[in-house]
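Protein chains in written order, with this note's numbering: chain A, 382 to 501; chain B, 1211 to 1322. Just below is one structure, and these are the notes that go with it.
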């Protein structure tokens, strides 16, 4: 199993971009799929997309298509989620969640979350 | 996209008593291998979600056996045999059959 540690809280202006990182440790990075899930204040969970390092492929929820980019750097065992054209509605906790690409489809491991605040 | 619907929205519970949460999907979560791709997660106050149950009924590592999952097709249930104080939080079901992954709206479990 991997342990996931995310980058710290961010405050951004409307229209700007944010890039959140998720560093994995404890197992072979390329064996895992990295998902991003967000949670607006007081709201439920929303899946944004995922990246499979061994394939180098990303898939995104339609809602975020064109605004989100999920990548990974195997040299540093780190996954990234970049969201552009930020608006106030993007204020939320962003979670990295992973699962073994071969053995699991569940979100087995979660990062601690990163609060992104979008405010002018 | 698969729509997930949970009930109830809120569930007041008494310690030591059983509790049950329902989750319905807009299409069957049964795949060709005979597995149901339905997960349950618990988000305790101020914490990240954690996996409780995968594939409809498989408890995740370290999850107490008072938690159990059941169901098939489009209807699933999470049961807590005897609720403890540490079980408070919001429970979510999620379909893991296809992307995009989709979650139910959540059930808030709180002590009476």
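Cβ atoms here follow ideal geometry from the backbone N, Cα and C, with glycine treated the same way.
Asked	Found
Can you pull the chain B residues whose beta carbon is under 9 Å from the beta carbon of residue 476 (chain A), in chain order?	1258, 1259
Where does residue 444 (chain A) sit, in a helix, a strand or coil, going by DSSP?	helix
List the residues of chain B whose Cβ lies closer than 9 Å to the Cβ of residue 493 (chain A), in chain order.	1257, 1258
Would residue 1251 (chain B) and residue 425 (chain A) be called neighbours here (beta carbons separated by less than 8 Å)?	no
Using a 10 Å radius around the Cβ and a threshold of 16 neighbouring Cβ atoms, would you call residue 417 (chain A) buried or exposed?	buried
Which residues of the stretch 1295 to 1321 of chain B have a Cβ closer than 9 Å to any Cβ of chain A? Give them in chain order.	1300, 1302, 1304, 1306, 1307, 1309, 1310, 1311, 1312, 1313, 1314, 1315, 1316
CB-CB under 8 Å to residue 1320 (chain B), same chain, minus the five flanking residues each way: which ones, in chain order?	1220, 1221, 1222, 1223, 1298
Can we say the stretch 461 to 476 of chain A touches the stretch 445 to 452 of chain A, given the rule of at least three CB pairs closer than 8 Å?	yes
With DSSP run on the structure shown, which of helix, strand or coil describes residue 410 (chain A)?	helix
In terms of residues, what are the limits of the beta strand (DSSP E) holding residue 1279 (chain B)?	1277 to 1282
Leaving out five residues before and five after residue 402 (chain A) in sequence, what residues of the same chain have Cβ atoms less than 6 Å from its Cβ?	388, 459, 461
Restricting to Cα atoms, I'd like to know which of B:1213, B:1255, B:1225 is closest to residue 1323 (chain B).	Outside the shown range of chain B (1211 to 1322) lies residue 1323 (chain B), about which nothing can therefore be said.
Just tell me which of A:420, A:480, A:415, A:421 has its CA closest to the CA of residue 439 (chain A).	A:415
Would residue 1273 (chain B) and residue 1229 (chain B) qualify as a contact pair, given that the criterion is a beta-carbon distance under 8 Å?	no
For residue 485 (chain A), does the count of other Cβ atoms within 10 angstroms reach 16, so buried, or fall short, so exposed?	buried
Find the residues of chain B that neighbour residue 442 (chain A), judging by a C-beta separation of less than 7 Å, and give them in chain order.	1310
Are the Cβ atoms of residue 1240 (chain B) and residue 1283 (chain B) separated by less than 8 Å?	yes
Who does residue 429 (chain A) pair with in a DSSP beta bridge?	In DSSP, residue 429 (chain A) forms no bridge with anything.
Let me confirm a value: residue 1225 (chain B) is counted as buried when at least 16 other C-beta atoms fall within 10 Å, else exposed. Which label applies?	exposed
So which residues of chain B does residue 407 (chain A) contact, with C-beta pairs closer than 8 Å?	Neighbours of residue 407 (chain A) on chain B: none; closest Cβ ~14 Å, over 8 Å.
In the DSSP output, which residue or residues are listed as bridge partners for residue 393 (chain A)?	A:499
Tell me whether residue 392 (chain A) is buried or exposed, calling it buried when 16 or more other Cβ atoms sit within 10 Å of its Cβ.	exposed
What residues match up with residue 1217 (chain B) in a beta bridge as DSSP calls it?	B:1232
Buried or exposed: residue 434 (chain A), going by 16 or more other Cβ atoms within 10 Å of its Cβ?	buried
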